[in-house]
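This report refers to the structure that appears directly beneath it.
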Amino acid sequence: MAKEPKGPMDESIDQRGKEKEPDKDSGRGINRRIFLGAMATMGGAVVLGRPTKSHAAGDFEGYPNSFGLLTDLTACVGCRSCEKACNEENKLPAPAKPFDDSSVFEEKRMPTQKAYTIVNKYENPKDKDKPIYRKIQCNHCKEPACLTSCPIHAYSKTPEGAVKYDQDLCFGCRYCMTACPFYIPAYDYWSALEPKIMKCTMCLPRVKAGKMTACAEACPVGAITFGKREELIKIARERIDNNPGKYVNHIYGEYEVGGTNWLYLSGVPFDQVGFPTNLPKKPLIEETKGFLSAVPVVLTAWPALFGTIYAALRHREDIDKEEKEGKKEEVKK
Amino acid sequence: MSTNMAVTPEKPQGNFRSWFMDKLLMGMTWPDYMRSLITPFNIVAAIILSIGLPLIAMRFMFGLYVVTHASNDYPWGLYLGWGLFGGVPLSATGFVMATAYYIFGFKRYHPILRLGVLTGFLGYLFAVIYLLIDLGRPWRIYYPMIIGFGTQSVLFLVAWHVATYLTVQLVEFSPAILEWLKSQRVRRWAVMLTIGMTIAGIILSTLHQSALGAMYLLVPGKLHPLWYSSYIPVLFLASSIYAALAMVIMVSTLSIRFLKNRTDQTFRESLPKLTLGLGQGAAVGMYVYFIFKLISIAHDNNWHYLTTGYGYWFLLELLGFVLVPALLFTYGVKKQNVGVVRFAGFYAVVGIILNRINVSIIALNWNLPHHLTHIIPPWTEAMAVLSIATIHILLFRWILNRMPVLHADPDYEAH
Numbered sequence: 001m002a003k004e005p006k007g008p009m010d011e012s013i014d015q016r017g018k019e020k021e022p023d024k025d026s027g028r029g030i031n032r033r034i035f036l037g038a039m040a041t042m043g044g045a046v047v048l049g050r051p052t053k054s055h056a057a058g059d060f061e062g063y064p065n066s067f068g069l070l071t072d073l074t075a076c077v078g079c080r081s082c083e084k085a086c087n088e089e090n091k092l093p094a095p096a097k098p099f100d101d102s103s104v105f106e107e108k109r110m111p112t113q114k115a116y117t118i119v120n121k122y123e124n125p126k127d128k129d130k131p132i133y134r135k136i137q138c139n140h141c142k143e144p145a146c147l148t149s150c151p152i153h154a155y156s157k158t159p160e161g162a163v164k165y166d167q168d169l170c171f172g173c174r175y176c177m178t179a180c181p182f183y184i185p186a187y188d189y190w191s192a193l194e195p196k197i198m199k200c201t202m203c204l205p206r207v208k209a210g211k212m213t214a215c216a217e218a219c220p221v222g223a224i225t226f227g228k229r230e231e232l233i234k235i236a237r238e239r240i241d242n243n244p245g246k247y248v249n250h251i252y253g254e255y256e257v258g259g260t261n262w263l264y265l266s267g268v269p270f271d272q273v274g275f276p277t278n279l280p281k282k283p284l285i286e287e288t289k290g291f292l293s294a295v296p297v298v299l300t301a302w303p304a305l306f307g308t309i310y311a312a313l314r315h316r317e318d319i320d321k322e323e324k325e326g327k328k329e330e331v332k333k
Numbered sequence: 334m335s336t337n338m339a340v341t342p343e344k345p346q347g348n349f350r351s352w353f354m355d356k357l358l359m360g361m362t363w364p365d366y367m368r369s370l371i372t373p374f375n376i377v378a379a380i381i382l383s384i385g386l387p388l389i390a391m392r393f394m395f396g397l398y399v400v401t402h403a404s405n406d407y408p409w410g411l412y413l414g415w416g417l418f419g420g421v422p423l424s425a426t427g428f429v430m431a432t433a434y435y436i437f438g439f440k441r442y443h444p445i446l447r448l449g450v451l452t453g454f455l456g457y458l459f460a461v462i463y464l465l466i467d468l469g470r471p472w473r474i475y476y477p478m479i480i481g482f483g484t485q486s487v488l489f490l491v492a493w494h495v496a497t498y499l500t501v502q503l504v505e506f507s508p509a510i511l512e513w514l515k516s517q518r519v520r521r522w523a524v525m526l527t528i529g530m531t532i533a534g535i536i537l538s539t540l541h542q543s544a545l546g547a548m549y550l551l552v553p554g555k556l557h558p559l560w561y562s563s564y565i566p567v568l569f570l571a572s573s574i575y576a577a578l579a580m581v582i583m584v585s586t587l588s589i590r591f592l593k594n595r596t597d598q599t600f601r602e603s604l605p606k607l608t609l610g611l612g613q614g615a616a617v618g619m620y621v622y623f624i625f626k627l628i629s630i631a632h633d634n635n636w637h638y639l640t641t642g643y644g645y646w647f648l649l650e651l652l653g654f655v656l657v658p659a660l661l662f663t664y665g666v667k668k669q670n671v672g673v674v675r676f677a678g679f680y681a682v683v684g685i686i687l688n689r690i691n692v693s694i695i696a697l698n699w700n701l702p703h704h705l706t707h708i709i710p711p712w713t714e715a716m717a718v719l720s721i722a723t724i725h726i727l728l729f730r731w732i733l734n735r736m737p738v739l740h741a742d743p744d745y746e747a748h
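Sequence lines, in order, name chains A and B. Our numbering applies: residue 1 is where the first sequence begins, and numbers increase by one. Our numbering applies: residue 334 is where the second sequence begins, and numbers increase by one.
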């Protein structure tokens, strides 16, 4: 592992050895410096190869033909048919309260390991009698923070648009949960041997088979539209343009954290219905790229820098020693 | 030096019983040793462990919910907030002391060098132990090394560096273990590795101390703007350096207070002066960090947050737990008052833990409803953490009682 950096580093240390080495230096000194270089290389080499690749991620435009979904909050009536369909499709356990029980709206819920999608109720500032319902599930970011944060690559972004999680690669650090700007990944804390992340899969098997997601199919009022993400943006834009005053002029998910495959239209500002509105437009991985690209610099510059400081210290000690011995000899004479 | 630390004449080979008594029972017989263990501290420790260890066992039998919040909004609690994010900066002692001594030539600090290295090694070891309890499937701990390479992840970097650095620190501390075991030849090998290991330690520490901060770069929407900063890797690194100096002050103070019979004359006589020196270094480090913190607020123009509730909390951390201990260090050094410097050392250590808990627990998710009630840990989590911390102290004491750390081994005067 990490053979390449050894060359330049050894070279730099050789050069330094030649430059700093007074010709009269003892063989022991040279050995020590070469040894020092070798050790520094070894120490660094353990980690060298990998992080140098880490900033090579480059820009990712997203898969051009990926699918997505558009939720129209003005159309949703809070029937929870999507919750029921999702539960059946993913063979999740039966909920504590049945799907037609509207008392669940008394609290703000989030997806859990037992429910990949949930619907919450919000008061409508425009019309008190017409509450707003919002469906919450994984937004399937174009450049997901969960994927970025995972140290084992348990997440992948499929060409269909889904953010897929593989429990066989997961060791359960839960950094993806911390990293997700939408608080989506849920963890099965109740399993001792096979705990795993559970979240919306965008019905990947169905989508691959040419079908739409279970929730979109189940929606009786057409609040969830399934289609190519690029088409959905056009549809959303048309709805905003053709219905003046009905929507706020914003497609949530078009640009948030680099864009998501799940998009939203709302009649009220998104922060009034619980959407995080303090997110950057660029993908969250951009925030760490600067740090990661500094890593190779430290790995290569530090051994040379601190090696030189050490060499200078030993040089100083040699001079002091010679001066001392010199004085002693003078005294003897 | 106490009579227990018997200078060991070469024992006849194969005499396991005398080796065992000498090395593990500190020269006592079993009954004597057992009697010596009955102290108030040990009784308290035993009570804590008798509650905490069964809880940890239950965690592995029934799942993480036994000892955590089991919350999807709050995936990390005290294990990482206290054990990893709080423990790792305080474990920079090994890297800071070894660098100062071997690379920069602060040769006077020799008597406390090994104490620094041991503090660092055990700190990392226990950070990993906390992590192993918190990981969903800890038996897969090696996965980032072999199974899947998430090179775009800052945590990948942390995983590699902590694993590598733990090994490096074991090698750095191994001469003490080998002197204790009287293994001359292996010790010579270990000592030869010292400089290489020290430089490896600088690289690994620089990177992963800052990487722990960089992990939070991913959460601009979740971490309060006063703590979220693009400078957070630098802030974590800068604070870890003074944290290390304060931690050495704290550990050496505790050692001379509670384990005086394990120290030698050199240690006892040099410690007050060295403490002043460490205090001076810590003060400089804290002023640098303080300026960095101000720059980080100015950079994002976050001044207006200072007048909110979180702003007052932030000011308490920055003024009360960075600036005040820094001024105390300065005062203590100026007046040559070792007591004040020691107090400031303990104070600064608390400040570091407060900062890391703030970043990882208190200021994270600040905009969730009922946030402050959600971050109170369940009692089971607090007990499990307390047990691990207790084992940490017990192991630390076990080593200091036996190995040449606070005193030089008579057979190896110069190491």
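Each residue gets a CB set at the ideal place from its N, CA and C atoms; glycine is no exception.
**Message:** Using 8 Å for Cβ pairs, my map puts P195(A) next to G469(B). What's the rounded Cβ distance?
**Reply:** About 4 Å separates the CB atoms of P195(A) and G469(B); that is less than 8 Å, so the two are in contact.
**Message:** Rounding to the nearest angstrom, what Cα-Cα distance links F270(A) and V666(B) in this structure?
**Reply:** Distance between the alpha carbons of F270(A) and V666(B): 56 Å.
**Prompt:** How would you label L193(A), buried or exposed, when you count the other beta carbons within 10 angstroms and need 16 or more for buried?
**Reply:** Exposed, because fewer than 16 other Cβ atoms sit within 10 Å of the Cβ of L193(A).
**Asked** Taking Cβ positions only, does T706(B) come closer than 8 Å to chain A?
**Response** Interface with chain A (8 Å Cβ-Cβ cutoff): T706(B) is excluded.
**Request:** Could you name the residues of the same chain whose beta carbon sits closer than 6 Å to that of A225(A), not counting the 5 residues immediately before and after it, in chain order?
**Result:** According to the sequence displayed, residue 225(A) carries Thr and not Ala. When the five nearest sequence neighbours on each side are left out, the beta carbons in the same chain lying within less than 6 Å of the beta carbon of T225(A) are those of L70, in order along the chain.
**Request:** Using the Cα positions of M716(B) and I381(B), report the straight-line distance between them to the nearest angstrom.
**Result:** Distance between the alpha carbons of M716(B) and I381(B): 7 Å.
**Request:** For chain A, find out if any of its Cβ atoms is closer than 8 Å to the Cβ of Y434(B); answer yes or no.
**Result:** For Y434(B), the answer is no, since every Cβ of chain A falls outside 8 Å of its Cβ.
**Request:** Give a yes or no on whether the C-beta atoms belonging to G612(B) and G678(B) are separated by under 8 Å.
**Result:** Contact flag set, yes.
**Message:** Using a 10 Å radius around the Cβ and a threshold of 16 neighbouring Cβ atoms, would you call H637(B) buried or exposed?
**Reply:** Around the beta-carbon of H637(B), fewer than 16 other beta-carbon atoms lie within 10 Å, marking it exposed.
**Request:** Can you give me the Cβ contacts of P144(A) inside the same chain, cut-off strictly under 6 Å, excluding the 5 residues immediately before and after it?
**Result:** V163.
**Message:** Starting from V273(A), trace the alpha helix (DSSP H) in both directions and tell me its first and last residue.
**Reply:** Under the DSSP assignment, V273(A) falls outside any alpha helix (DSSP H); it carries neither an H nor an E label.
**Item:** Contact set for C203(A): own chain, Cβ-Cβ below 7 Å, skip 5 residues either direction
**Value:** So the qualifying residues of the chain are E89, T213 and A214.
**Message:** Quick check on M359(B): does DSSP put it in helix, strand or coil?
**Reply:** Coil at M359(B), not helix or strand.
**Asked** Given a threshold of 16 other Cβ atoms within 10 Å of its Cβ, counted over all protein chains shown, does D101(A) qualify as buried or as exposed?
**Response** Exposed is the call here.
**Request:** Pick helix, strand or coil for F654(B), following the three-state DSSP scheme.
**Result:** For F654(B), the secondary structure class from DSSP, reduced to helix, strand or coil, is helix.
**Asked** Any C-beta of chain A sitting closer than 8 Å to the C-beta of G410(B)?
**Response** Chain A contact via Cβ: absent.
**Request:** Compare the C-beta of M39(A) against all C-beta atoms of chain B and say whether one is closer than 8 Å.
**Result:** With a pLDDT of only 45 at M39(A), under the threshold of 50, the placement of this residue in the model should not be trusted; the figure read from the coordinates follows. Chain B contact via Cβ: present.
**Request:** Assign L592(B) to one of three DSSP states: helix, strand, or coil.
**Result:** Note: L592(B) maps to coil in three-state DSSP.
**Message:** Applying the 10 Å Cβ sphere with the 16-neighbour rule, what's the burial state of V519(B)?
**Reply:** V519(B) should be labelled exposed.
**Asked** Taking one C-beta from the stretch 141–158 of chain A and one from the stretch 483–502 of chain B each time, how about it: are there three or more such pairs within less than 8 Å?
**Response** A contact exists between the stretch 141–158 of chain A and the stretch 483–502 of chain B.
**Asked** Do you know how far the Cα of A96(A) is from the Cα of S562(B)?
**Response** The C-alpha of S562(B) lies about 42 Å from the C-alpha of A96(A).
**Request:** Identify each residue in the stretch 375–403 of chain B for which the Cβ-Cβ distance to at least one residue of chain A is less than 7 Å, and report them in chain order.
**Result:** The stretch 375–403 of chain B vs chain A, Cβ under 7 Å: F393, M394, F395, G396, L397, Y398, T401 and A403.
**Prompt:** How long is the line joining the alpha carbons of E238(A) and A496(B), rounded to whole angstroms?
**Reply:** Each residue's Cα considered, the two are about 54 Å apart.
**Request:** Tell me where the alpha helix (DSSP H) around H81(A) begins and ends.
**Result:** Position check: residue 81(A) holds Ser in this sequence, whereas His was assumed. Note, S81(A): alpha helix (DSSP H), S81 to E89.
**Prompt:** Which residues in chain A sit within 7 Å of G554(B), going by Cβ to Cβ distance?
**Reply:** Near G554(B) (Cβ distances below 7 Å), the residues of chain A are P181, P276, N278 and L279.
**Request:** Can you pull the chain A residues whose beta carbon is under 7 Å from the beta carbon of P477(B), in chain order?
**Result:** Those are P151 and I152, listed as they occur along chain A.
**Message:** Looking at the strands, I want to know which residues DSSP matches up with R134(A).
**Reply:** N120(A), per the DSSP bridge assignment.
**Request:** List the residues of chain A whose Cβ lies closer than 7 Å to the Cβ of S486(B), in chain order.
**Result:** Neighbours of S486(B) in chain A, taken as residues whose beta carbon is under 7 Å from its own, are T148, S149, C150 and P151 in chain order.
**Request:** In angstroms with no decimal places, state the Cα-to-Cα distance between Y680(B) and M478(B).
**Result:** Near 38 Å, if we compare the C-alpha coordinates of M478(B) and Y680(B).
**Asked** For F662(B), which residues in chain A fall below 7 Å Cβ to Cβ?
**Response** Chain A residues near F662(B): none, gap ~26 Å exceeds 7 Å.
**Message:** Quick check on P269(A) - is its C-beta less than 8 Å from some C-beta in chain B?
**Reply:** Among the residues facing chain B, P269(A) is not included, as its CB has no counterpart in that chain under 8 Å away.
**Prompt:** Roughly how many whole angstroms lie between the Cα atoms of I708(B) and L687(B)?
**Reply:** Their Cα atoms are separated by approximately 14 Å.
**Item:** Nearest neighbour of A285(B), chosen from W731(B), R441(B), R368(B) and T452(B) [CA to CA]
**Value:** Outside the shown range of chain B (334 to 748) lies residue 285(B), about which nothing can therefore be said.
**Prompt:** Which residue comes first and which comes last in the alpha helix (DSSP H) that contains W409(B)?
**Reply:** Unbroken run through W409(B): none, as it is neither H nor E.
**Request:** Round the Cβ separation of V119(A) and R80(A) to the nearest angstrom and send it over; I've been treating them as touching at under 8 Å.
**Result:** Going by Cβ atoms, the distance from V119(A) to R80(A) rounds to 5 Å, so yes, they are a contact pair.
**Buried versus exposed call for N405(B) [16 or more other C-beta atoms within 10 Å across all chains shown]** = With at least 16 other beta carbons inside 10 angstroms of its own, N405(B) counts as buried.
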